[in-house]
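Structure record follows, encoded as structure tokens.
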Amino acid sequence: MAEDSESSAGGSAEVRMVLLGQTGSGRSSSGNTILGRSAFWSDVSPLSVTNRCQRSGGVVDGRSLRLIDTPGFFHTCLSPDEVRAELSRCVELSAPGPHVFLLVLRAGRVTRESSAALDWVSAAFGPQALRFTTVLITSGDALRDKPADVFLKESEELWEFVCSCAGGYHVFDNTKGAEERSQVTELLEKTDLLMERNAGAHYTADMLLQADTAVRHTQQRILGDDQEEDEEARKRTEGLFWYELLTAMGRGAVEASGVMEKGKGKGKKVKAVQRVAAIASTPLSITSAAKVMGGAMREGTKVLYKHKKMLLH
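For the sequence shown, the numbering used here puts the final residue at 313, and the numbers step up evenly by one.
Set out below in structure tokens:
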């Protein structure tokens, strides 16, 4: 159980941790589990319960901890600029900087939003942040008997991201709370090893400034603010977008018609060729036509969602 850091004297050097993750991932609950008390407000809601960065701390297993909870990446009532400002503020609240970013992901199906969260961390905080990042998987009970590494490897994108994080991964079952402290002890031991590998170094405000500058420069290039060169870059970006959109819609239409199965593999390609020949000689029924249109719209929507920021600009 943790004591309030303000009322605790002595103890080892402070360990500063920042909780990151999309709405509903269990950031606040994880913070409460680590501290062994209700330090952060958590609730079941489609909107982010945490709208401003919150700081709390305590002494856990002989370590002085300072935890910063942040707003969710999505479904928050804050504007994107406000979310960005709050996540910048989390570095200030953990001054001189966090030793660990805990990227909280809920065990379950990997969605577009969870994939976007992975990209967002690298973009918002810069690639150097991965030196200080540990992926924290919540709702560990949902894995049942499945090993965590097996779950992670089911998504190539997720596994590659975890492998790029110097702190690896850890699994939490937040429903156990104070009844099972070993999961917290194990996380803190992994944090000790991460800090040892980093020779006690931490993420800094300068690193955040570099990442922010890179993001703004990229935005300017996409928006075509640098005249001719950027106009060409913008045209290439738009051309790639339309190519990706049309390709996705075509793929969705073919999959929905039953010509091609989802996934990859030589066997499926051969089977697809046979189905094309069969369908080419058979007029589409109303039901089949509806499926084709539905498939095209489904895959096209994924591309539109992926590039929504570019389209809004």
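Glycine included, each C-beta is placed from N, C-alpha and C at the ideal position. This one's a predicted model, so the numbers in the text were calculated from it and none came from an experiment.
For this session: Within 10 angstroms of the Cβ of Gln-219, are there 16 or more other Cβ atoms? Answer buried if so, exposed if not.
Result: exposed
Exercise. Roughly how many angstroms separate the alpha carbons of Leu-78 and Ala-107, rounded to a whole number?
Worked result: 26 Å
For this session: Go ahead and label Thr-185 buried or exposed: buried means 16 or more other beta carbons lie within 10 angstroms of its beta carbon, across all protein chains shown.
Result: exposed
Exercise. By a C-beta neighbour count over all protein chains shown, 10 Å radius and 16 as the cutoff for buried, is Ser-114 buried or exposed?
Worked result: buried
For this session: Just the C-alpha distance for Gly-168 and Phe-40, rounded to the nearest angstrom, thanks.
Result: 25 Å
Exercise. Would you report the Cα separation of Asp-119 and Ala-199, rounded to the nearest angstrom?
Worked result: 27 Å
Exercise. Counting along the chain, where does the beta strand (DSSP E) carrying Phe-101 start and finish?
Worked result: 100-106
Problem set entry | Contact check, Ile-68 vs Leu-93, beta carbons under 7 Å | yes
Problem set entry | Spatial neighbours of Arg-55 in its chain, beta-carbon cut-off 6 Å, leaving aside the 5 residues before and after | Same-chain partners within the cutoff: Ile-68 and Leu-93.
Exercise. At which residues does the alpha helix (DSSP H) containing Arg-112 begin and terminate?
Worked result: 112-125
Exercise. Counting along the chain, where does the alpha helix (DSSP H) carrying Asp-145 start and finish?
Worked result: Per DSSP, Asp-145 belongs to no alpha helix (DSSP H) and is neither H nor E.
Problem set entry | Limits of the unbroken beta strand (DSSP E) element including Gln-54 | 54-60
Exercise. Per DSSP, what kind of secondary structure is Arg-216 in: helix, strand or coil?
Worked result: It is helical.
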